[in-house]
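Numbering (the numbering used here), first residue to last: 84 to 254. Written below as structure tokens is the structure these notes are about.
This is the structure:
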């Protein structure tokens, strides 16, 4: 295995973890911040946090779309993320030029993984910002949550204030 193959394979591992985190964050938003029947219960969510959920990421994204209006640019990111994620997970042959054999294939793979990781991070940060805005609006303090962490402060300063521009109530 050469160095580029090693980097691509490591990148695939990193993106799988990132995708799982994105799925968990979407689940949190759907179940707690934007539940179907009204206000979610953080205590109940914390109890269920590590249980297996059979719903797919596509279900979470469609639930988000059903519950709020989403700015077109962010909705496009959700769509592209889901397509790219599904291609990587279910049928890598759908990705033109993607492979692990030649340098050209590896460069395509590396570029694809970087773009997918970027989308995953954008979605994670936006969902975290939505969650933080919800916490602040409802004066909810979660146990063992460090609001002084640099990442949390960054989200509170840059993403949470934009939540109302990205999402709005359904008419």
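All C-beta atoms in this analysis are idealised placements derived from N, C-alpha and C, irrespective of residue type, glycine included.
- For the pair of segments examined, the stretch 105–113 was found to touch the stretch 141–155: the number of CB pairs separated by less than 8 Å reaches three.
- In this structure, the straight-line span from the alpha carbon of residue 164 to that of residue 249 is close to 17 Å.
- The residue among 186, 106 and 244 with its C-alpha nearest the C-alpha of residue 84 is 186.
- Measuring C-alpha to C-alpha distances from residue 229 to each of 215, 242 and 241 identifies 215 as the nearest.
- Linking residue 232 to residue 140 through their CA atoms gives a straight-line distance of about 28 Å.
- Cβ-Cβ separation between residue 200 and residue 97: approximately 7 Å, consistent with a contact (criterion under 8 Å).
- Runs of the alpha helix (DSSP H) lying entirely within the stretch 109–185 and spanning at least 4 residues, in chain order: 125–131, 140–150 and 155–173.
- About 5 Å separates the beta carbons of residue 178 and residue 170, which is inside the 8 Å limit, making them a contact pair.
- Between residue 105 and residue 206, the C-beta spacing is below 7 Å.
- Annotation for residue 217: 116 place their beta carbon closer than 7 Å to its own, counting only its chain and skipping 5 residues before and after.
- Inclusion of residue 143 and residue 87 in the CB contact set at 7 Å is not warranted, their separation being larger than that value.
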